[in-house]
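Sequence order for the protein chains is F and D.
Under the numbering used here, the first sequence has 156 at position 156, and the numbering climbs by one with no breaks.
Under the numbering used here, the second sequence has 27 at position 27, and the numbering climbs by one with no breaks.
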Amino acid sequence: MNDIALVARARGGDREAFRALVDAHYDDLGRFARRYLGQREDAEDALQETFLRAFRSLGSYVEREAFRSWLFRILVNRCRTLARRRGRRGWVMMGDEEALRERPDERASTPAAGFEWRDALDSALGKLEPKLREAFLLKHGEGLEYSEIASLTGASESALKMRVKRACEQMRSQLESVWHE
Amino acid sequence: MSDDKNAKDAWLERVRQSYRETPGPRPEAKQRLKEALDSVPQPGRRKRSALRVWAMAAAIVAVVFAGVLIIGRSSGRSHSLQRASGEASDSVQVVRFALSAPRASRVSVVGDFNGWDEAAAPMRRQGAGVWTISLSVSHGRHVYAFLVDRDHWVSDPEAPLAPEDGFGVSNSVIVVGSPGGT
Chain F
1 MNDIALVARA RGGDREAFRA LVDAHYDDLG RFARRYLGQR EDAEDALQET
51 FLRAFRSLGS YVEREAFRSW LFRILVNRCR TLARRRGRRG WVMMGDEEAL
101 RERPDERAST PAAGFEWRDA LDSALGKLEP KLREAFLLKH GEGLEYSEIA
151 SLTGASESAL KMRVKRACEQ MRSQLESVWH E
Chain D
1 MSDDKNAKDA WLERVRQSYR ETPGPRPEAK QRLKEALDSV PQPGRRKRSA
51 LRVWAMAAAI VAVVFAGVLI IGRSSGRSHS LQRASGEASD SVQVVRFALS
101 APRASRVSVV GDFNGWDEAA APMRRQGAGV WTISLSVSHG RHVYAFLVDR
151 DHWVSDPEAP LAPEDGFGVS NSVIVVGSPG GT
């Protein structure tokens with residue numbers, strides 16, 4: 001069953017249909033939230049808020065927009081809010097230590113160079129201004145077109161291109177020493 | 001293609017690969033979300049008894065915040081679009097939102113009534129740096145916030161805050177409707 005059919009059933013009170021939509025999109029949205037916010041707990045909070053808000057607001061969803069895009073728009077807003085709140089208590093990026101606690105099996109199998117890269121990538125993303133990180137992840141992480149990103153973020157395409165360009169320059173500068181392998 | 005371009009593409013490709021391999025959320029977090037869905041009101045369908053509760057709350061809210069949030073009335077003009085059938089779920093009223101933000105260059109109101117779309121309801125600057133907009137909002141309880149200069153989320157200083165849903169996010173609440181409107 002496709003998203004539109006599931007949305008129709010969810011609007012009619014079928015919560016299992018909405019749970020199916022959660023299953024379909026949870027991991028994709030989680031990937032963005034995790035890279036944007038840096039921490040697993042924050043990402044999971046953003047996801048929970050996003051899906052609960054989406055469920056409450058299903059009546060305002062218009063089918064001419066892909067359901068995934070609609071979810072992403074809500075998620076981007078929730079991530080901005082959480083990032084702003086976290087900004088007051090300091091920025092902490094997911095680092096190797098956290099990643100290893102989550103996936104201890106990787107400790108033995110991942111080459112040291114892999115850890116170095118991931119550490120550098122997390123650090124570089126964490127140093128980007130939120131606007132730049134958001135645009136960079138949507139463009140080069142999710143692979144969205146600028147027109148789609150503009151629709152999600154409310155920024156103009158020209159502004160987004162500039163943000164992605166600046167993000168790339170800063171990221172490349174940060175990662176220069178570890179990406180040659 | 002130059003060596004520099006090749007190098008740039010290789011760098012970005014590795015970033016993309018790392019992005020694809022980002023550790024996912026924990027399964028228990030997804031399960032918690034699915035369980036939480038049971039406690040969320042069904043979209044677009046509210047029980048009549050619940051409407052009566054909201055209607056009573058609306059009367060209180062209208063009195064307390066009449067100076068800032070004008071529900072269904074603006075300068076004595078009634079904008080109620082409630083239908084004659086009396087079906088509250090089909091009723092909307094005009095709500096005037098206002099925020100004092102003298103230094104802002106752009107303000108919008110964003111909430112569940114417009115799908116949290118930042119571009120859906122840009123406010124207009126009036127005198128003394130007060131930004132306003134009038135929107136048709138369906139009866140019931142709604143959660144919203146102001147977005148200032150596209151980056152700063154601001155709760156309505158004159159409205160109650162929504163329960164935090166356990167996540168500490170402070171949005172504002174408006175209850176649209178009247179005791180006699182159901």
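Every residue gets a Cβ at the ideal spot worked out from N, C-alpha and C, and that includes glycine.
Within this structure, are the beta carbons of residue i and residue j separated by less than 8 Å?
{"i": "S108 (chain D)", "j": "P122 (chain D)", "result": "yes"}
{"i": "A159 (chain D)", "j": "S138 (chain D)", "result": "no"}
{"i": "T50 (chain F)", "j": "L75 (chain F)", "result": "yes"}
{"i": "A17 (chain F)", "j": "A10 (chain F)", "result": "yes"}
{"i": "W153 (chain D)", "j": "R84 (chain F)", "result": "yes"}
{"i": "Y61 (chain F)", "j": "F67 (chain F)", "result": "yes"}
{"i": "L144 (chain F)", "j": "S18 (chain D)", "result": "no"}
{"i": "V36 (chain D)", "j": "L52 (chain F)", "result": "Here the sequence assigns Ala to residue 36 (chain D), which means Val is not the residue at that position. Yes."}
{"i": "I4 (chain F)", "j": "E63 (chain F)", "result": "yes"}
{"i": "V25 (chain D)", "j": "G30 (chain F)", "result": "Reading off the sequence, residue 25 (chain D) comes out as Pro, not Val. Yes, the pair counts as a contact, with Cβ atoms nearer than the cut-off."}
{"i": "L132 (chain F)", "j": "I149 (chain F)", "result": "no"}
Any idea if residue i is buried or exposed, counting beta-carbon neighbours within 10 angstroms, 16 or more meaning buried?
{"i": "S69 (chain F)", "result": "exposed"}
{"i": "V156 (chain F)", "result": "First, the amino acid is wrong: residue 156 (chain F) is Ser here, not Val. Flag for S156 (chain F) reads exposed."}
{"i": "M171 (chain F)", "result": "buried"}
{"i": "R19 (chain F)", "result": "buried"}
{"i": "E176 (chain F)", "result": "exposed"}
{"i": "A124 (chain F)", "result": "buried"}
{"i": "N2 (chain F)", "result": "exposed"}
{"i": "G115 (chain D)", "result": "buried"}
{"i": "Q31 (chain D)", "result": "exposed"}
{"i": "Q48 (chain F)", "result": "buried"}
{"i": "G127 (chain D)", "result": "exposed"}
{"i": "R107 (chain F)", "result": "In this prediction, R107 (chain F) has a pLDDT of 45, which is less than 50 and means its spatial position is unreliable; what the coordinates show is noted afterwards. That one is exposed."}
{"i": "P43 (chain D)", "result": "buried"}
{"i": "R35 (chain F)", "result": "buried"}
At what residues does the alpha helix (DSSP H) containing residue i begin and finish?
{"i": "G30 (chain F)", "result": "R15 to L37"}
{"i": "V7 (chain F)", "result": "D3 to R11"}
{"i": "R133 (chain F)", "result": "P130 to F136"}
{"i": "P23 (chain D)", "result": "Element bounds for P23 (chain D): n/a, residue is neither H nor E."}
{"i": "D40 (chain F)", "result": "Checking the sequence shown, residue 40 (chain F) turns out to be Arg, not Asp. Taken as a continuous stretch (DSSP letters only), the alpha helix (DSSP H) holding R40 (chain F) covers R40 to R56."}
{"i": "E65 (chain F)", "result": "Looking at the DSSP string, E65 (chain F) is not in any alpha helix (DSSP H), and its letter there is neither H nor E."}
{"i": "Y146 (chain F)", "result": "Y146 to T153"}
Please report how far the alpha carbon of residue i lies from the alpha carbon of residue j, in whole angstroms.
{"i": "V95 (chain D)", "j": "R166 (chain F)", "result": "41 Å"}
{"i": "A101 (chain D)", "j": "D9 (chain D)", "result": "44 Å"}
{"i": "S39 (chain D)", "j": "L58 (chain F)", "result": "16 Å"}
{"i": "R73 (chain F)", "j": "V22 (chain F)", "result": "15 Å"}
{"i": "V15 (chain D)", "j": "G141 (chain F)", "result": "8 Å"}
{"i": "D156 (chain D)", "j": "V110 (chain D)", "result": "11 Å"}
{"i": "K161 (chain F)", "j": "E134 (chain F)", "result": "12 Å"}
{"i": "Q93 (chain D)", "j": "R163 (chain F)", "result": "40 Å"}
{"i": "G72 (chain D)", "j": "L152 (chain F)", "result": "Confidence is the limiting factor: at G72 (chain D) the pLDDT is only 38, short of 50, which leaves the residue's position unreliable, though a coordinate-based value still follows. Going from the Cα of G72 (chain D) to the Cα of L152 (chain F) covers about 31 Å."}
{"i": "W11 (chain D)", "j": "S158 (chain F)", "result": "24 Å"}
{"i": "T22 (chain D)", "j": "V130 (chain D)", "result": "44 Å"}
{"i": "R80 (chain F)", "j": "R20 (chain D)", "result": "22 Å"}
{"i": "G126 (chain F)", "j": "D119 (chain F)", "result": "11 Å"}
{"i": "A8 (chain F)", "j": "A43 (chain F)", "result": "28 Å"}
{"i": "A98 (chain D)", "j": "P41 (chain D)", "result": "28 Å"}
{"i": "G140 (chain D)", "j": "R125 (chain D)", "result": "27 Å"}
{"i": "S136 (chain D)", "j": "E169 (chain F)", "result": "45 Å"}
{"i": "L6 (chain F)", "j": "F113 (chain D)", "result": "21 Å"}
{"i": "R150 (chain D)", "j": "S91 (chain D)", "result": "31 Å"}
{"i": "L71 (chain F)", "j": "L128 (chain F)", "result": "24 Å"}
{"i": "E41 (chain F)", "j": "D27 (chain F)", "result": "14 Å"}
According to DSSP, residue i sits in a beta bridge with which residue or residues?
{"i": "Q93 (chain D)", "result": "D:V137"}
{"i": "V130 (chain D)", "result": "D:S100"}
{"i": "F146 (chain D)", "result": "D:V109 and D:V154"}
{"i": "L161 (chain D)", "result": "D:S172"}
{"i": "P43 (chain D)", "result": "Looking at the DSSP assignment, P43 (chain D) forms no beta bridge with any residue, so it has no partner."}
{"i": "R124 (chain D)", "result": "D:T132"}
Within the continuous beta strand (DSSP E) that includes residue i, where are the two ends?
{"i": "S172 (chain D)", "result": "S172 to V176"}
{"i": "S108 (chain D)", "result": "V107 to G111"}
{"i": "W153 (chain D)", "result": "H152 to V154"}
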